[in-house]
Amino acid sequence: MKKFLISFILTVAFIVVADQAIGYMLKRGYDFTTFGAIGRKNEIVNYVKSDIVILGSSRALHHYVPPIISDSTGLSCYNCGLGGQGIIYHYALLRAMSQRYIPKMIIYELTPEYDIEPSNNARFLTEIRTLSPHGCADSILSVVGHMERMKMLSGIYPYNSLLFHIVGDRLQHKDLISQNGYIPMKGSLKKDENYQPRVLDFSKIDSVKVSFFEKMLREYSKKTKLIVMVSPIYGSNAPASFDVIERLCARYDVAFHNCSGDQRFTHAPSLYSDHVHFNDSGARQYTAGVCKYFRP
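Put into structure tokens, the structure is as follows:
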């Protein structure tokens, strides 16, 4: 019994030490990656101090061109958008960035799928876990994943699905920060008379997403200028209704600009790379058109 107990304690100790050692190496590899998607994220979290930051999903990432905004406003600008991520991740990112500074202006591109509609919010956790060392993620993780606090005691866990991404980004040397975070889309759509945009149904909303959206408005509307945008939706004949978000913006005196039905863009396939995203030409034309909302 005594031998078994000693053996058990030594085994547990070995597992804990190995976990923390491997986790430390993964964290170092992650933190010192300067290329690819990880390098871009490290740049945003650790170094960006632009006057204006753009947050939101891939529609933020591909629709807002920082140099055009800077030329119009006289303020530096960085695009911090990230594909597949919405308010839960971007609230955590904003808190991480706020450890260093508060931007003069925050532009948030609203995407219903990631900001309002019900879905499995656990899919956002991978990107949030790596923000934990900045002291901003633990409370967010525990809201979305009930076992996350315990799992985050592991050194490996925050990076366990990122090993190949770390290696790939370090080997490929892909520069994703040269255009101040903006990543242009290529190609253009062919005209399709039968295409119909997805019908937005907000009869059910995701209370977790909306609560984080309200947290962002409540906390940051007091500290900086906050603007919520909805860029054009291809195929739309009229602006979509975002009542729940509009009410929250009104409550916190935050500007809300709904461009989803802008006819200059919604039926111009040559300006889109796919049915969701502008190509570079569309992004530049759209950005130039909305700069009037961002001028001090």
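In my numbering, the protein residues as written are 5 to 300.
We treat Cβ as the ideally placed atom computed from N, Cα and C, and that holds for glycine.
Treat the numbers as computed from the prediction; the structure is a model and nothing was measured.
Please report the straight-line C-alpha distance between residue i and residue j, rounded to a whole angstrom.
i      : j      : result
Tyr199 : Ile72  : 31 Å
Glu117 : Ile92  : 12 Å
Thr115 : Met29  : 36 Å
Asp23  : Ile58  : 36 Å
Asp119 : Phe217 : 8 Å
Ser62  : Ile187 : 9 Å
Arg127 : Ile26  : 24 Å
Leu166 : Leu145 : 18 Å
Phe39  : Gly149 : 30 Å
Phe168 : Gly286 : 33 Å
Lys227 : Cys295 : 21 Å
Phe36  : Ser245 : 43 Å
Asp55  : Leu275 : 28 Å
Ile237 : Leu129 : 27 Å
Gln176 : Val49  : 21 Å
Ser1   : Gln267 : The first residue shown for the chain is 5 and the last is 300, placing residue 1 beyond what the model contains.
Ile106 : Val21  : 38 Å
Ser277 : Met189 : 6 Å
Asn124 : Lys213 : 11 Å
Ser211 : Met101 : 25 Å
Ala292 : Gly90  : 24 Å
Ser158 : Leu79  : 42 Å
Pro243 : Ser264 : 5 Å
Return helix, strand or coil for residue i, following the three-state DSSP convention.
i      : result
Phe168 : helix
Lys229 : strand
Glu218 : helix
His271 : coil
Tyr199 : coil
Tyr82  : strand
Under the assumption that residue i contacts residue j (Cβ atoms under 8 Å), give the Cβ distance between them as a whole number of angstroms.
i      : j      : result
Arg133 : Met156 : 7 Å
Gly60  : Tyr112 : 6 Å
Arg104 : Lys53  : 7 Å
Pro319 : Gly239 : The requested residue 319 is not part of the displayed model; the chain covers only 5 to 300.
Val351 : Ser225 : Residue 351 lies beyond the stretch modelled for the chain, which goes from 5 to 300, so this question has no answer here.
His261 : Tyr297 : 5 Å
Ile209 : Arg44  : Not a contact, Cβ separation roughly 31 Å.
Ala64  : Asn46  : In fact, because the Cβ distance is near 19 Å, the residues do not count as touching under 8 Å.
Asp173 : Ala41  : 6 Å
Val69  : Arg288 : 5 Å
For chain D, check one thing: does any of its Cβ atoms lie closer than 9 Å to the Cβ of residue i?
i     : result
His94 : The structure shown contains no chain D; it is built from a single protein chain.
Next on the checklist: Any contact between the region 88-105 and the region 134-142? By contact I mean 3 or more CB pairs, one from each, below 8 Å.
Outcome noted: Under the three-pair Cβ rule at 8 Å, the region 88-105 counts as touching the region 134-142.
Checklist entry - In the region 18-74, which residue ranges form an unbroken alpha helix (DSSP H) of at least 4 residues, counting only runs that do not cross its ends? => result 40-50 and 62-67
Checklist entry - Hey, which unbroken runs of the beta strand (DSSP E) at 3 residues or more fall wholly within the region 107-188? => result 109-113
Next on the checklist: Assess contact between the region 244-261 and the region 213-221, defined as three or more Cβ pairs (one per stretch) separated by less than 8 Å. Is contact present?
Outcome noted: yes
Item to check | Complete runs of the alpha helix (DSSP H) confined to the region 239-285 [at least 4 residues] | outcome: 247-255 and 267-270
Checklist entry - How do the region 100-112 and the region 228-238 stand: do at least 3 beta-carbon pairs fall below 8 Å, yes or no? => result yes
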